[in-house]
Amino acid sequence: DQQVKQNSPSLSVQEGRISILNCDYTNSMFDYFLWYKKYPAEGPTFLISISSIKDKNEDGRFTVFLNKSAKHLSLHIVPSQPGDSAVYFCAAHRVSPNNAGNMLTFGGGTRLMVKP
Amino acid sequence: AAGVIQSPRHLIKEKRETATLKCYPIPRHDTVYWYQQGPGQDPQFLISFYEKMQSDKGSIPDRFSAQQFSDYHSELNMSSLELGDSALYFCASSSPPPGTGGYEQYFGPGTRLTVT
């Protein structure tokens, strides 16, 4: 059972427009959410995060929104640039039951293509 | 800024052979995580270490083992390799200690393991 889902495998956006990437989760024990960007043959690069006690976090062109009641978060990129073209992973954190771990659960990723 | 270093970047092994992957975390990061990403899949958490002790365990096969050394680098040992072990293996590091906030994990470039 996938606890973190990104239902759109791909998204195409025109340069300068807004890109909205969505992520849904099922486990109410998740307390922190992160977005990563990944280019082929490279490791995921951390973009932005949000604590479950907040509903919005903004960093430059990137804004993450969290709707806890809907168990939904989204990443907004505005304005989108061709260099933003990559696979974006949503990840969720929970502390393991013995409070000793710090694992992330990843969604399946969304491939964003920003057209010039 | 220094990033997570993984070696080797590429590794080709035959079935039933063994492999050792190495990870050097970002300086002053004390927690290391290992993830496996199969073709077209999201990264799956394998195992993590904090202060040289295993802190969490995910879907790591019994044929695999890992440890963290006194200099905080980690090694993932894989034995009796199978074709299905072919994947990208990512190492990530983080600080501060698990369970106290700051859950961002920073990923290395990955090791691509091909089992033939």
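Residue numbers (this note's numbering), protein chains in the order written: chain A, 11 to 126; chain B, 649 to 764.
Glycine included, each C-beta is placed from N, C-alpha and C at the ideal position.
Here the structure is a predicted model, which is why all the values come from computation and not from measurement.
Chain-ordered neighbours of Ser-38(A) on chain B, where CB pairs are closer than 9 Å: Taking the first sequence and counting its residues from 1, the one referred to as residue 38(A) is at position 28. Correct list: empty, because the minimum Cβ distance to chain B is about 17 Å.
Nearest candidate by alpha-carbon position, reference Pro-656(B), set Leu-736(B), Gln-753(B) and Ser-741(B): For the purposes of this step, residue 656(B) is taken as residue 8 along the second sequence, with counting starting at 1. If we check each option's Cα against that of Pro-656(B), Leu-736(B) comes out closest.
Assigned exposure category for Leu-731(B) - 16 Cβ within 10 Å defines buried: What you label residue 731(B) is simply residue 83 of the second sequence in a count that begins at 1. So Leu-731(B) ends up on the exposed side.
Euclidean distance between Cα positions of Gln-24(A) and Phe-116(A): Taking the first sequence and counting its residues from 1, one reaches residue 24(A) at position 14. Taking the first sequence and counting its residues from 1, one reaches residue 116(A) at position 106. Using only the alpha carbons, I get a separation of about 27 Å.
Strand pairing of Val-14(A), partner residues [DSSP]: Residue 14(A) sits at position 4 when you count from the first residue of the first sequence. Per DSSP, the beta bridge partners of Val-14(A) are Tyr-35(A).
Expected contact under 8 Å - CB spacing of Tyr-754(B) and Gly-686(B) to nearest Å: Here the question's residue 754(B) lines up with position 106 in the second sequence. Here the question's residue 686(B) lines up with position 38 in the second sequence. Your pair Tyr-754(B) and Gly-686(B) does not check out as a contact, with CB atoms roughly 22 Å apart and the cut at 8 Å.
Rounded separation between Thr-764(B) and Arg-27(A) - CA only: Along the second sequence, one-based indexing puts residue 764(B) at 116. Along the first sequence, one-based indexing puts residue 27(A) at 17. Distance between the alpha carbons of Thr-764(B) and Arg-27(A): 45 Å.
According to DSSP, residues forming a beta bridge with Val-74(A): Within the first sequence, residue 74(A) is the residue found at index 64, counting from 1. DSSP links Val-74(A) through a beta bridge to Asn-67(A) and Leu-85(A).
Reduced DSSP category for Leu-731(B) - H, G, I as helix; E, B as strand; rest coil: Position 83 of the second sequence, counted from the start, is the residue given in the question as residue 731(B). In the structure shown, Leu-731(B) adopts helical secondary structure according to DSSP, grouped into three states.
Through-space distance from Glu-662(B) to Val-74(A), alpha-carbon basis: Position 64 of the first sequence, counting from 1, holds the residue named residue 74(A). Position 14 of the second sequence, counting from 1, holds the residue named residue 662(B). Each residue's alpha carbon lies about 44 Å from the other.
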